[in-house]
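Take 1 as the starting number for the sequence shown in UniProt numbering and just add one per residue.
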Amino acid sequence: MDAFAVLAEPTRRRILDTLRSSDRSVGELVDRLGMSQPAVSKHLKVLRESGFVSCRIAAQQRIYRLEPDRLAAVDRWLAPYRRLWTKHLDALERHLEESP
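Written as structure tokens, this is what we have:
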């Protein structure tokens, strides 16, 4: 699935935000998100299959972690657009500073 299609879903972004601070079990994600376990698992499957998270098994729990490489790839794709906006915003700032 396309990275931007994956990230377009607000629940998946909330899961990624939650995993930013530490690895979490499915149960912890369910508690933090206030969603049902099947709903969270559905989103985790999409995130796992698209490479945004990975999963390990500890005892009887699945522990999910953020995979920064996939986010870094999105960031690299966005970099030229960020430079473009920075250039335009810098030009706007100069224009505003020069205006009476």
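In this text, a Cβ means the ideal position worked out from N, Cα and C, and glycines have one as well.
Keep in mind that this is a model prediction, so the values were computed, not measured.
Quiz item: Ala58 bridges to which residues according to DSSP?
Solution: According to DSSP, Ala58 bridges with Gln61.
Quiz item: Can you tell me where the alpha helix (DSSP H) with residue 140 in it begins and where it stops?
Solution: Nothing about residue 140 can be reported from this structure: the residues present for the chain run from 1 to 100 only.
Quiz item: Where DSSP assigns a beta bridge to Arg24, which residues make up the other side?
Solution: According to DSSP, which records beta bridges pairwise, Arg24 is partnered with Tyr64.
Self-check item: contact_flag[the region 20–28, the region 53–67] where n(CB pairs < 8 Å) is 3 or more
Solution: Look at the beta carbons and you see the region 20–28 touching the region 53–67: at least three pairs across the two are nearer than 8 Å.
Quiz item: Hey, is the region 51–58 in contact with the region 66–80, meaning 3+ C-beta pairs nearer than 8 Å?
Solution: Contact between the region 51–58 and the region 66–80 is present, because at least three Cβ pairs lie under 8 Å.
Quiz prompt | Same chain only: Cβ atoms within 6 Å of Ala3, ignoring 5 sequence neighbours per side | solution = Counting only Cβ-Cβ distances below 6 Å, and skipping sequence neighbours, we find Val74.
Exercise. Let me know the secondary structure DSSP gives Glu98 once reduced to three states.
Key: Three-state result, Glu98: helix.
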